[in-house]
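**Student:** Got a structure here, written out as structure tokens. Questions coming.
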Amino acid sequence: MNIEEAFREYREAMVQSMAAFSRDREAAEDGVSHAFAQALARRAMLEAMPEPAMKAWLYAAARNAIIDIKRRQIRFMSMTGPYDSYEFADPRPDDPAGRAAIDLLLEKLPDALRVPVELKYYSGMNAAEIGEAMNLPAATVRTRLRTAMLRLRGA
1070 MNIEEAFREY REAMVQSMAA FSRDREAAED GVSHAFAQAL ARRAMLEAMP EPAMKAWLYA
1130 AARNAIIDIK RRQIRFMSMT GPYDSYEFAD PRPDDPAGRA AIDLLLEKLP DALRVPVELK
1190 YYSGMNAAEI GEAMNLPAAT VRTRLRTAML RLRGA
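Structure (structure tokens):
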């Protein structure tokens, strides 16, 4: 199957699935568009894949793009809002140097650990809400939060 056929066949179902994942239709459309743009850049590799593998790759690329979009939105909101409106692990939330240090440490975490931390501490979401947003069980979210906080404390 070529990329154009995959676009015609999967696009709408992908947008619906990603909208359910992100609860944001606009981010879903952007994520799916980004996935197909990446697919065009890797056309030869994808067109050599069996159809189910190509479909899985496209869905994963769209999901990852949406996570990146949401992460950028959270970062933008944190840069434009007052620091004291967020609950930070830093005991000096109004210390810009401390905030910069936290941001640098967060960037070093893998996405699977960083995204739950950002959603919890920047957006004020609980484990169940984060689990819904990331399509994970709440227990997995709590484990990832605990692992991330241990790594951050160690750093």
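Going letter by letter, the sequence shown gives residues 1070 to 1224 in my numbering.
C-beta: ideal position from N, C-alpha, C; glycine also.
As the structure is a computational prediction, the values presented were derived from the model and not from experiment.
1. Let me know if G1223 comes out buried or exposed under the rule of 16 or more other beta-carbons within 10 Å of its beta-carbon.
2. Given a cut-off of 8 Å, decide if S1091 and A1097 are closer than it, judged by their beta-carbon atoms.
3. Could you spell out where the alpha helix (DSSP H) holding R1220 opens and where it closes?
4. Which word fits R1077, buried or exposed, when buried means at least 16 other C-beta atoms lie within 10 angstroms of its C-beta?
5. Label K1189 either buried or exposed according to how many other C-beta atoms from any shown protein chain fall within 10 Å of its C-beta, with 16 as the threshold for buried.
6. Could you have a look at L1178 and say whether DSSP puts it in helix, strand or coil?
7. Hey, how far is the Cα of V1084 from the Cα of K1124?
8. Mind checking K1139: buried by the 16 CB within 10 Å criterion, or exposed?
9. Going by DSSP in three states, P1121 sits in which element: helix, strand or coil?
10. Using the Cα positions of F1105 and R1112, report the straight-line distance between them to the nearest angstrom.
11. Here's the rule: buried if 16 or more other CB atoms are within 10 angstroms of the residue's CB, otherwise exposed. What is G1193?
12. Would you decide whether A1108 is buried or exposed? Buried here means 16 or more other CB atoms lie within 10 Å of its CB.
13. Pop quiz: I1136 and D1180 are said to be a contact at Cβ under 8 Å. What is the actual Cβ separation, rounded to whole angstroms?
**Tutor:** According to the data block:
1. exposed
2. yes
3. 1207 to 1223
4. exposed
5. buried
6. coil
7. 13 Å
8. buried
9. helix
10. 10 Å
11. exposed
12. buried
13. 6 Å
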